[in-house]
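The UniProt record's numbering applies: residue 1 is where the sequence shown begins, and numbers increase by one.
We put the CB at the ideal spot given by N, CA and C, even for glycine.
No experiment lies behind these values; they were computed from the predicted model shown.
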Amino acid sequence: MCSYNKVNGVPTCANHDFLVNTVRNTWGLDGYIVSDCDSVMVMHESTNYSPTTEDAAADALNAGLDLNCGDYLASYTEAAVQMGKVKEGRVDSAVSNLFTLRMRLGMFDGSPSNQGFGNLGAADVCTPAHQELAVEAARLGIVMLKNDGNTLPLAKSNNLAVIGPNANATHTMLGNYEGVPCQYITPYQGLVQFGSGDHNKVWLSQGCISTACQHDDLIQSAVETASKADAVILVMGLSQVHESEALDRTSLLLPGNQQTLINQVAEAAAGRPVVLVIMSGGPVDIAFAKNDKRIQSILWVGYPGQSGGQAMAEIIFGDHNPSGKLPMSWYPESYTKISMTNMAMRPDASSNYPGRTYRFYTGETIYSFGYGLSFTSFKHSFAVAPASLTAPSVHEQLCDPHQPSSQTATLNCSKAKQEMCALSNFEVHVDVENAGAVRGRHTVLLFFTPPSAGRNGTPVKELAAFESVIVEAGQQQRVVLSLNPCRHLGTVKEDGTRVVEAGNHLLSVGDASHSLTVLSSLEDAAIASAGD
1 MCSYNKVNGV PTCANHDFLV NTVRNTWGLD GYIVSDCDSV MVMHESTNYS
51 PTTEDAAADA LNAGLDLNCG DYLASYTEAA VQMGKVKEGR VDSAVSNLFT
101 LRMRLGMFDG SPSNQGFGNL GAADVCTPAH QELAVEAARL GIVMLKNDGN
151 TLPLAKSNNL AVIGPNANAT HTMLGNYEGV PCQYITPYQG LVQFGSGDHN
201 KVWLSQGCIS TACQHDDLIQ SAVETASKAD AVILVMGLSQ VHESEALDRT
251 SLLLPGNQQT LINQVAEAAA GRPVVLVIMS GGPVDIAFAK NDKRIQSILW
301 VGYPGQSGGQ AMAEIIFGDH NPSGKLPMSW YPESYTKISM TNMAMRPDAS
351 SNYPGRTYRF YTGETIYSFG YGLSFTSFKH SFAVAPASLT APSVHEQLCD
401 PHQPSSQTAT LNCSKAKQEM CALSNFEVHV DVENAGAVRG RHTVLLFFTP
451 PSAGRNGTPV KELAAFESVI VEAGQQQRVV LSLNPCRHLG TVKEDGTRVV
501 EAGNHLLSVG DASHSLTVLS SLEDAAIASA GD
């Protein structure tokens, strides 16, 4: 599916290089390409990329689109063909792509009820195995951001105060574009069911009616509840009221009076465990809580699905050791001053633009991409890794093997050069030691820093590979990562080409690092000639 937006000035649904060269040829799509709803219309009516309605239909079809969610192809394709803007054969190939896939799915083989999956229903969706999978996804996705003094896990015998607008959340846990859940286990229900099992020991006081938290009349009741408890769980954050389809936030702060509620509850519970749980789809500036010693632990649970309350409780009580890592950096509120219409990745010092994503941004973060704590600690070391390797030269990579040689001029992609990439595969072996007292799952994140990192539009670092491993307490496991320099050590230049820089690349996992020298094929040949 191609989206509404432009990439490098070209709408994705009008980008032949992406839809045909990349998606069909490089990625091997054997199916059809569909637009996001009304994306073709947007090309004409919103972005003004296509001058006329017929141009929009032709631009999309010529780029490789087969099916339009909307009415532009149905309304304007015939006229576009008559005007010579698109060939009838391209329309035929789009129809062929659509119906070939439908035939493979058995849609022309008689009644759907007679097909292998023709009678599936709710009973097939809500099986115990499927519901356990929903819990496991939530368990593995929760990220522990703070755990001062090993406050977590908590004893199940504690009297708990469960406070916050998401403390008994149901629909909010599903996020946007959700299905019908088989059940709900809310945070409050999870803390009861997977804790003491006694409702009389878990006290609910929301403090705010909703995540908007516009009024403070319920805060005092929450403060009083917190003052009597052995430990406090604050379940705060966002909901689809703040972030969803066609709804963007204008602030990275918690909405309304949420921070006031957190501060007053933390003060009332001073000296006792306070756990802050953030439910949200995106990052939140919670620097105040990160730096507040009264708040010992912080969990980010995302929108954890129907059984999010169970997964959250299992971590809080130590039945599951958290292993999630942040999939994005969390920026401070000041980041919202940057224009959201500027999607440039690279920083620009002349305009004080700081760049975007962990690859380019070097400013302040609340938490960084890949961050996440565990109840145990892990140590890393490089056991096996090459000191040097040879990859195709920069110039040999500036070509598209799917374009005719006449279009690539001197930058032709010979079979030999493509084979050199394939033959350059190498392995990195990383030993992971569990230095703590409990079993844990750990995700090894292998980053690389290219020779010109941070200069001339080159990323500061990039994630090259990752792998998850379970390590018993006091034990060690070896993780083997298979890499290819052209694919995993390449950086995309400002003109869109991917190259591997010759020179010293730094591989890193946690605090461990390894130096890898990459020689281009031209350099390698020169060295060999000098030896002769």
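Asked	Found
Can you give me the Cβ contacts of V86 inside the same chain, cut-off strictly under 6 angstroms, excluding the 5 residues immediately before and after it?	A58, L61, N62 and A80
Name the DSSP bridge partner or partners of C2?	S35
Could you check if D66 is buried or exposed, using at least 16 other CB atoms within 10 Å of its CB as the buried criterion?	buried
Whose C-beta lies closer than 7 angstroms to the C-beta of A266 among residues of the same chain, with five residues either side of it excluded?	V274, D292, R294 and I295
Could you tell me whether the Cβ atoms of W203 and L160 are closer together than 8 angstroms?	yes
Per the DSSP calculation, N119 is bridged to which residue(s)?	Answer is none; N119 lacks a bridge partner.
Between the Cα of L481 and those of A465, F99 and L252, spot the shortest distance and give me the residue it belongs to.	A465
Given a cut-off of 8 angstroms on the beta-carbon distance, is the pair I366 and I298 in contact?	no
Decide if P165 is buried, meaning its Cβ has at least 16 other Cβ atoms within 10 Å, or exposed.	buried
Helix, strand or coil for E462? Go by DSSP, reduced to three states.	strand
Near V394, what residues of its chain come up, given a Cβ to Cβ distance below 8 angstroms and the 5 sequence neighbours on each side ignored?	Unreliable placement is indicated for V394, whose pLDDT of 49 sits below 50; the coordinate value is still reported in the next sentence. Within the same chain, V394 has close Cβ partners V499, V500, E501, A502 and S520.
For L326, tell me which candidate among T357, R249, V479 and V40 has the shortest Cα-Cα distance.	T357
Please look up how many angstroms separate the CB atoms of V143 and G324, rounded, as I've assumed it's under 8 angstroms.	4 angstroms
Kindly say whether C2, judged by its beta-carbon, lies nearer than 8 angstroms to any beta-carbon of chain B.	Among the chains of the structure shown, chain B does not appear; only one protein chain is present.
Run the CB neighbour count on C2, radius 10 Å, all protein chains shown included, and call it buried at 16 or more, exposed below.	buried
Taking the beta strand (DSSP E) that A453 belongs to, which residues open and close that run?	First-last for A453: undefined, no H or E at that position.
Quick one: is I209 buried, meaning 16 or more other Cβ sit within 10 Å of its Cβ, or exposed?	exposed
Within the continuous beta strand (DSSP E) that includes Q476, where are the two ends?	Q476 to L483
Would you kindly work out how many angstroms separate the C-alpha atoms of D148 and N176, rounded to a whole number?	33 angstroms
Got a sec, what are the start and stop residues for the alpha helix (DSSP H) D431 sits in?	First-last for D431: F426 to N434, but that is the beta strand (DSSP E), not the alpha helix (DSSP H).
I'd like to know if the segment 457-464 and the segment 483-495 are in contact, where contact means that at least 3 CB-CB pairs between them fall below 8 angstroms.	yes
Would D198 be called buried (16 or more neighbouring beta carbons within 10 Å of its own) or exposed?	exposed
Taking 8 angstroms as the threshold (C-beta atoms), are N434 and F378 in contact?	yes
Just to confirm before moving on: does the CB-CB distance between L516 and P386 stay below 8 angstroms?	yes
Quick check on the DSSP output: what are the complete alpha helix (DSSP H) runs of length 4 or more inside the segment 39-119, in order along the chain?	39-45, 53-63, 72-82 and 88-104
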